[in-house]
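The following block contains the structure:
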């Protein structure tokens, strides 16, 4: 029991990614830049740690809340005949960005605050977390998204939920599949690039307050990407979010071109991880 209590006390920092969102590389004594070592591909000891499963639960709950709030906001806008009587596209963007800001802040010290399958994938490629943890997070994020959308459907009723589109992503009329794919790639790149930059160890060397504020630029990036791409795809940039809404909605609209909302975010996350490794890590830095 003594060992278990110690593990709980240490929390996610014992077996977490080397640089969890909003908590990493904060040194009050030494502000010189030090690149954290890459995370091993496999860390079998994680599977015996309570903090590993606690982190997965945090990802599930955060994604659940994220889908619940965001899908309800989307459907609240859709149900009105005119956007003027609703929060409109700006309100939807604020709902997504604001919830990411709040949830990253709440879960950063437990799981790293990913709440996005593409973010987890990008951080894995950037060697910020192990394959075991990445897969576990992805599964929990998908389950959380499905449950969150399911609760919305239960509250609104099957008929109304179906009539309002269930918050499912789809390529809008007038846009091609290529347009939708491009929007998802670039939007996810912006988000994951922001995540890498906001949590990079150099931020600590420049200003020790920057890592504490990491949820703010991440949430703001989500807000801006939604403003730009809601008219094109409804803005996925998160395969778990798109999958949860599609499964619960379960109509052709939700499944048409669904591959775009997986392939696009994965490519965008991979490009952001590549940029991080080639450019951000490659620049030596030492504070004055």
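Residue numbers (the UniProt record's numbering): 1 to 288. From the three backbone atoms N, C-alpha and C, an ideal C-beta is built for every residue, glycine too.
About 21 Å separates the Cβ atoms of residue 120 and residue 183, ruling out a contact at the 8 Å cut-off. In the DSSP assignment, residue 175 falls outside any alpha helix (DSSP H) and carries neither an H nor an E. The DSSP-derived three-state label of residue 38 is coil. In the assembly as shown, residue 117 is a buried residue. Its beta-carbon has 16 or more other beta-carbons within 10 Å. In this structure residue 66 does not touch residue 215 by the C-beta definition: roughly 13 Å separates them, more than the 8 Å allowed. Leaving aside the five residues that flank residue 188 on each side, the residues in its chain whose CB is nearer than 7 Å to its CB run, in chain order, 118, 237, 264, 265, 268 and 269. Considered as a whole, the stretch 99 to 170 harbours 117 to 125, 131 to 156 and 158 to 163 as its complete alpha helix (DSSP H) runs of no fewer than 4 residues, in chain order. Between the beta-carbon of residue 192 and that of residue 122 there is about 4 Å, and that keeps the pair under the 8 Å contact cut. The alpha-carbon separation between residue 56 and residue 150 amounts to approximately 20 Å.
Inclusion of residue 249 and residue 157 in the CB contact set at 7 Å is not warranted, their separation being larger than that value.
In this structure residue 106 does not touch residue 244 by the C-beta definition: roughly 20 Å separates them, more than the 8 Å allowed. Rounded to the nearest angstrom, the gap between the Cα atoms of residue 62 and residue 223 is 17 Å. A residue is called buried once 16 or more other Cβ atoms fall within 10 Å of its Cβ, and residue 42, having fewer, is exposed.
Between the alpha carbons of residue 126 and residue 273 lies a distance of about 5 Å. Measuring C-alpha to C-alpha distances from residue 49 to each of 132, 93 and 96 identifies 132 as the nearest. Sorting 136, 196 and 71 by C-alpha distance to the C-alpha of residue 44 places 136 at the top. The beta-carbon separation of residue 103 and residue 115, rounded to 5 Å, stays under the 8 Å limit for a contact. DSSP, read as helix, strand or coil, puts residue 237 in coil. Of the residues 260, 186, 60 and 217, the one whose Cα lies closest to the Cα of residue 168 is 260. Secondary structure in the stretch 217 to 261: the alpha helix (DSSP H) runs of 4 residues or longer, each lying completely within the stretch, are 239 to 249 and 252 to 255 in chain order.
Within 10 angstroms of the beta-carbon of residue 163 lie fewer than 16 other beta-carbons, which makes it exposed. Where residue 47 is concerned, there is no enclosing alpha helix (DSSP H), because DSSP gives it neither an H nor an E. The beta carbon of residue 171 is closer than 8 Å to those of 177, 179, 180, 232, 233, 256, 257 and 260 in its chain, skipping five residues each way along the sequence. About 19 Å separates the CB atoms of residue 145 and residue 54; that is not less than 8 Å, and the two are not in contact.
Listed in chain order, the non-local C-beta contacts of residue 91 below 8 Å within the same chain comprise 73 and 77, local neighbours out to five positions each way being set aside. Taken through DSSP and simplified to helix, strand or coil, residue 272 comes out as helix.
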